[in-house]
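Note sheet for the following structure.
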Amino acid sequence: MPLPAMPFQASGGPTSAFSSTGGEIDVDIAVIGASVAGLFAAQALARLGYRCALVGPDPAVSRQQDGFDQRIFAISPASWDWMEQQGLTAAIDAARVGVIDRMHLEAASWSSPQPIVLDAYRAAVDQLALTVEQSELIAVGQQAIAMTGVLRLKDALVSLRADQGGKPASRRSIQLENGQQLHAKLLMGCDGAGSKLRQLANIASRRFDYQSSAVVANFDIDSHHRHTAFQWFSDQGILALLPLPGHAMSMVWSAPQPVAESLMGLEPAALCRHVQAFIDVQGCDAPGLRACINRPASFPLVEALCDRPFADRLVLIADAAHVIHPMAGQGLNLGIGDIIELIAVLSTRSARHDPGALTVIERYARRRVEAVLAMSWLTKGLHQAFRAPLPGLIGGFANWAWSRVAASSWLQSAMIQQAVRQGPR
Ligand SMILES: Cc1cc2nc3c(=O)[nH]c(=O)nc-3n(C[C@H](O)[C@H](O)[C@H](O)COP(=O)(O)OP(=O)(O)OC[C@H]3O[C@@H](n4cnc5c(N)ncnc54)[C@H](O)[C@@H]3O)c2cc1C
Numbered sequence: 004m005p006l007p008a009m010p011f012q013a014s015g016g017p018t019s020a021f022s023s024t025g026g027e028i029d030v031d032i033a034v035i036g037a038s039v040a041g042l043f044a045a046q047a048l049a050r051l052g053y054r055c056a057l058v059g060p061d062p063a064v065s066r067q068q069d070g071f072d073q074r075i076f077a078i079s080p081a082s083w084d085w086m087e088q089q090g091l092t093a094a095i096d097a098a099r100v101g102v103i104d105r106m107h108l109e110a111a112s113w114s115s116p117q118p119i120v121l122d123a124y125r126a127a128v129d130q131l132a133l134t135v136e137q138s139e140l141i142a143v144g145q146q147a148i149a150m151t152g153v154l155r156l157k158d159a160l161v162s163l164r165a166d167q168g169g170k171p172a173s174r175r176s177i178q179l180e181n182g183q184q185l186h187a188k189l190l191m192g193c194d195g196a197g198s199k200l201r202q203l204a205n206i207a208s209r210r211f212d213y214q215s216s217a218v219v220a221n222f223d224i225d226s227h228h229r230h231t232a233f234q235w236f237s238d239q240g241i242l243a244l245l246p247l248p249g250h251a252m253s254m255v256w257s258a259p260q261p262v263a264e265s266l267m268g269l270e271p272a273a274l275c276r277h278v279q280a281f282i283d284v285q286g287c288d289a290p291g292l293r294a295c296i297n298r299p300a301s302f303p304l305v306e307a308l309c310d311r312p313f314a315d316r317l318v319l320i321a322d323a324a325h326v327i328h329p330m331a332g333q334g335l336n337l338g339i340g341d342i343i344e345l346i347a348v349l350s351t352r353s354a355r356h357d358p359g360a361l362t363v364i365e366r367y368a369r370r371r372v373e374a375v376l377a378m379s380w381l382t383k384g385l386h387q388a389f390r391a392p393l394p395g396l397i398g399g400f401a402n403w404a405w406s407r408v409a410a411s412s413w414l415q416s417a418m419i420q421q422a423v424r425q426g427p428r
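In this note's numbering, each residue carries its 1-based index in the sequence shown increased by 3.
Take a look at the structure:
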C-alpha cells in the first residue's frame, strides 16, 4: 500500500541549494546516520531553512504488509505531538499503530503482591503511549527527507578532518566512503550506539554492561489486550508485552545473558510456550499467547553516556550520545527530545548566523543533561533493584515504596504525567 502524501510542501530541489566545487560539497548542517533520529532531525532542520545533507546508507528494514516488524517502539505522547506538528504522523498508517491505555506492572520477585496499574483514563490523559513499527517511522522519515529538499548522500562517513588546534574555523570537514568531501558549519552525529563520528572526534563515553540481552518477538494472542501493556520485574529479567493493533502483542524480555541465550535457542513455537509458562507462574490476567509470528531477535544491553556529547562544530544526538536500558521504552523518545531542543536552539537568530558556534552547541547540551541523567538513574536503579534480592532495610523500603505506589492513585497520576511528558524535556 503506498504511503499517503506528506501534508507539507517540498522546498527547492536539492541540487540548487548546495554549493559544490570540484566534487566538494558545502552545507550548513551535515547529519550523519539515516535511521529514525537522523531522518527526523534532517527533515526538521531543512524545514527551518538550513541547507542540510543526510549522510549514510538506508537502514536495512523491510516494511511488512502482513504481520509486524521485529522492532516496535513505544512512542510517548510528547514525541507523537512533535511528530504530528512536523506532519510526520499524517503519513503513518493508523491501522498499524497500537495504543497503550493502561500499564500493569508486577514485581514478581518481591513480596509485594499488589500490581501497580497505571491508567490513562484515571490520570485524565489521552493515552500512555503509542506503539509503532521501526519501518513505519523510517518510511515516513524518508518521505519527509525527499520532500524537504535534504541532500541525501548514501555513503558512510569514514574520516573527520582534525579541528584547527584551537583556531576558530567556520567549517568542519568529513570524507565519505566514496571519497566525497563534505564541509559543514555543524556536524550532527545520529549514527547510533557505535557512532563513528564520536570515535573520530575522540568524545569519551561512559559504558555500563548490563550483562543482559533484550529478546524481542511478536505474538498472536487469544483475546483482545484491551490496550494494556504488561511488565514483570523478576530475577529472570524484565519481561514486557506491548499491545499492537488487533490481537497481537510485542515482547521485549531483557534477560540476564544465560536466560537470553536459552530463549534465543528456542524455536518460535517453543518460545511461545516458554513465555506463556513464565506468565502463568506470575498469575496475571494477561491474554494467552497463541503463536510467535516472527523470528525472535536479541540485542545486547549496555548503557553508554557521553558527559560532553559535543566538540568543535560537532554534536551527537540520540543513541550516539546516550544509550539506556530499554525497560522504560524511552531511548528513541529521548532522541526525539534531543531533536526538539536542538531545533528550538537552532531557531534563534544567533544560531541562524552560525549553527556550529560553540555557544549554540553548549546551550543545547545544557538543556538535555537533566532528562538523560534522570532516565539513566531510573533504568539503572530498577535494574539493580530487581537483579538480586535486596538486603534487609533497603529491601523493606523498596517493598514499602512499591505498595505505596500500587495503593495511591495520586502517585500513579504523578508517574503518568511525568512519563507522558518524556520526549521534549
Ligand atoms: C530491545 C529494544 C527495545 C527498544 N524499545 C524502545 C521503545 O519502545 N521506545 C523507545 O523510545 N526506544 C526504544 N529503544 C531504543 C531505540 O531502539 C533507540 O534509542 C533508537 O533506535 C536509536 O535510534 P538512532 O537513530 O539514534 O540510532 P540507530 O537506529 O542505531 O541508527 C544509526 C544509523 O547510523 C548509521 N551509521 C552508522 N555508522 C555510520 C557511518 N559511519 N556513516 C553513516 N551512517 C552510519 C547506521 O547505518 C544507522 O542507520 C529500544 C531499544 C532496544 C534495544
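The beta-carbon is built from N, C-alpha and C at its ideal position, and this holds for glycine as well.
Asked: Provide the residue span of the alpha helix (DSSP H) that contains Phe281, from first to last.; Found: 271 to 285
Asked: Could you tell me which whole alpha helix (DSSP H) segments of length 4 or greater appear in the stretch 118 to 180?; Found: 137 to 150
Asked: Could you tell me which residues DSSP puts in a beta bridge with Ile32?; Found: Cys55, Leu189
Asked: Taking 7 Å as the limit between beta carbons, can you name the residues of its chain near His228, skipping five residues before and five after?; Found: Pro246, Met252, Pro290
Asked: Should Leu274 be labelled buried (16 or more other beta-carbon atoms within 10 Å of its own) or exposed?; Found: buried
Asked: Can you find the residues in the same chain that come closer than 6 Å, C-beta to C-beta, to Ile28, ignoring five residues on each side of it along the sequence?; Found: Phe21, Leu185
Asked: Leaving out five residues before and five after Ala409 in sequence, what residues of the same chain have Cβ atoms less than 6 Å from its Cβ?; Found: Gln117, Ile119
Asked: Classify Pro157: buried if its beta carbon has 16 or more other beta carbons within 10 angstroms, exposed otherwise.; Found: What sits at residue 157 in the sequence shown is Lys, not Pro. Looking at its Cβ environment, which holds fewer than 16 other Cβ atoms inside 10 Å, Lys157 is exposed.
Asked: Would a check of beta-carbon distances place Val135 closer than 9 Å to chain D?; Found: Of the chains in the structure shown, none is chain D; there is only one protein chain.
Asked: Got a sec? Which residues, its chain only, sit under 8 Å from Gly240 by beta carbon, not counting five neighbours each side?; Found: Ser215, Trp256, Ser257, Ala258, Pro259, Val262, Ala263
Asked: Compute the Euclidean distance between the alpha carbons of Lys199 and Leu190, then round it to the nearest angstrom.; Found: 12 Å
Asked: Here's a check: name, in chain order, each residue in its chain whose Cβ is nearer than 7 Å to the Cβ of Leu292, leaving out the five neighbours to either side.; Found: Phe222, Ile224, Cys275, Val278, Gln279
Asked: Let me know the secondary structure DSSP gives His325 once reduced to three states.; Found: strand
Asked: Would you list the one or two residues that DSSP bridges to Gly3?; Found: Nothing in the structure corresponds to residue 3, since the chain is present only between 4 and 428.
Asked: Quick check: does the Cβ of Arg54 come within less than 8 Å of any heavy atom belonging to ligand 1?; Found: no
Asked: Using DSSP's beta-bridge definition, name the partner residues of Leu319.; Found: Gly192
Asked: Taking 8 Å as the line, does the beta carbon of Arg193 fall inside it for any heavy atom of ligand 1?; Found: The amino acid occupying residue 193 in the given sequence is Cys; Arg does not appear at that position. Yes.
Asked: Starting from the C-beta of Thr92, find all residues in its chain whose C-beta is less than 6 Å away, skip the five residues before and the five after it, and write them out in chain order.; Found: Met86
Asked: Please go through the same chain and pick out, in chain order, the residues whose beta-carbon is closer than 8 Å to the beta-carbon of Phe104, but skip the five residues on each side of it.; Found: Contrary to the premise, residue 104 reads as Asp rather than Phe in this sequence. Cβ neighbours of Asp104 beyond the five flanking positions: Asp122, Ala123, Tyr124, Gln130, Leu131, Arg229, His230, Thr231.
Asked: Within 10 angstroms of its Cβ, does Ala300 collect 16 or more other Cβ (buried), or is it exposed?; Found: exposed
Asked: Quick one: what does DSSP say Pro10 is sitting in, helix, strand or coil?; Found: Note on Pro10: pLDDT 43, under 50, position unreliable in the model; no value is reported.
Asked: Compare the Cα-Cα distances from Ala33 to each of Val128, Val100, Ala159, Val102 and report the closest residue.; Found: Ala159
Asked: For Asp194, collect the residues of the same chain with a Cβ closer than 6 Å to its Cβ; drop the 5 residues on either side in sequence, then sort them by chain order.; Found: Ile35, Gly36, Leu200, Ala323
Asked: Between which two residues does the beta strand (DSSP E) holding Asp223 run?; Found: 209 to 224
Asked: Extract the residue ranges of the alpha helix (DSSP H) inside the stretch 310 to 386, only unbroken runs of 4 or more that lie entirely within it.; Found: 334 to 349, 352 to 356
Asked: Are the beta-carbon atoms belonging to Ala346 and Leu51 less than 9 Å from one another?; Found: Residue 346 is actually Ile in this sequence, not Ala. Yes, they are a contact pair.
Asked: Could you round the C-beta distance between Leu269 and Met254 to whole angstroms and report it? I think they count as a contact, below 8 Å.; Found: Contact doesn't hold; Cβ gap of about 13 Å is too wide.
Asked: Going by C-alpha to C-alpha distance, which of Ala47, Ser406, Ala187 sits closest to Gln88?; Found: Ala47
Asked: How many Å lie between Pro60 and Leu414 at the Cα?; Found: 45 Å
Asked: Which two residues bound the contiguous alpha helix (DSSP H) that contains Pro259?; Found: Run containing Pro259: none in the alpha helix (DSSP H); it sits in the beta strand (DSSP E), 251 to 259.
Asked: Which two residues bound the contiguous alpha helix (DSSP H) that contains Ser82?; Found: 80 to 88
Asked: Count the other CB atoms within 10 Å of the CB of His356; is the residue buried (16 or more) or exposed (fewer)?; Found: exposed
Asked: Assuming Ala45 contacts Leu57 under a Cβ cut-off of 8 Å, what Cβ separation, rounded to an integer in Å, is found between them?; Found: 4 Å
Asked: Please state whether DSSP places Gly101 in a helix, a strand or coil.; Found: strand
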